[in-house]
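Reviewing the structure listed below.
In the working numbering, the protein residues as written are 1 to 193.
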């Protein structure tokens with residue numbers, strides 16, 4: 001079904017078929033527009049720019065919970081305002097990637113996002129109750145761990161610390177720490193994925 005076919009039907013003066021095809025095309029266009037808007041939100045959510053990291057994470061969690069039915073809890077014990085905007089953006093992207101992995105690969109039914117404030121750094125944890133995986137099999141680039149590598153590289157680019165722990169049938173935890181002064185604290189140890 002397309003515009004060419006619609007023009008042919010219109011030329012044949014088949015009003016009923018024309019209206020039916022027009023409605024179907026309009027419905028498809030609306031669906032496509034909705035998907036494009038969703039992609040645009042995923043690329044750079046306006047709530048992140050306008051209200052900050054925590055409201056953006058809460059909006060992401062709510063949207064994904066509504067679309068998947070998976071329980072996604074956000075516990076924020078900080079506002080994250082001390083962090084630079086580019087680091088807030090990285091934390092949002094990590095959250096987004098970790099949630100999508102938990103939904104797509106881990107078959108999780110519950111996801112928790114915990115953001116805590118410490119004296120010299122902010123910590124983000126994303127925990128799921130999914131099927132987990134063997135970290136040793138995903139520690140290098142094997143075609144399946146590109147998302148994990150991207151998360152690690154994003155965090156390292158801003159002098160943060162990234163760790164991931166997982167066990168088969170025990171879920172996965174992604175943990176990110178960013179120092180407020182953008183210099184690694186002594187108790188923050190990097191773990192490469």
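C-beta: ideal position from N, C-alpha, C; glycine also.
When the beta-carbon positions are compared, residue 125 and residue 167 stay at least 7 Å from each other. For residue 106, there is no enclosing alpha helix (DSSP H), as DSSP gives it neither H nor E. For residue 117, the pairing in a beta bridge is given by DSSP as 122. Burial of residue 132 is indicated by the presence of at least 16 other C-beta atoms within 10 angstroms of its C-beta. Listed as beta-bridge partners of residue 110 by DSSP are 71. Residue 117 is positioned such that its CB atom lies no closer than 7 Å to that of residue 83. The C-beta of residue 75 has fewer than 16 other C-beta atoms within 10 Å across all chains shown, which makes the residue exposed. Secondary structure at residue 49: helix, using DSSP grouped into helix, strand and coil.
In summary, residue 89 is buried, with 16 or more beta-carbon neighbours lying within 10 Å of its beta-carbon over all protein chains present.
When the beta-carbon positions are compared, residue 99 and residue 111 come within less than 7 Å of each other. By the neighbour-count criterion, in which a residue is buried when 16 or more other Cβ atoms sit within 10 angstroms of its Cβ, residue 129 is buried. Assigned with DSSP and collapsed to three states, residue 34 falls in helix. Bounds of any beta strand (DSSP E) do not take in residue 156; it lies within the alpha helix (DSSP H) bounded by 146-157. In the DSSP assignment, residue 171 falls within the unbroken beta strand (DSSP E) covering 171-179.
Burial check for residue 53: the Cβ neighbour count within 10 Å reaches 16 or more, so the residue is buried.
If you look at residue 80, you'll find it isn't in any beta strand (DSSP E); DSSP assigns it neither H nor E. Between residue 179 and residue 121, the C-beta spacing is below 7 Å.
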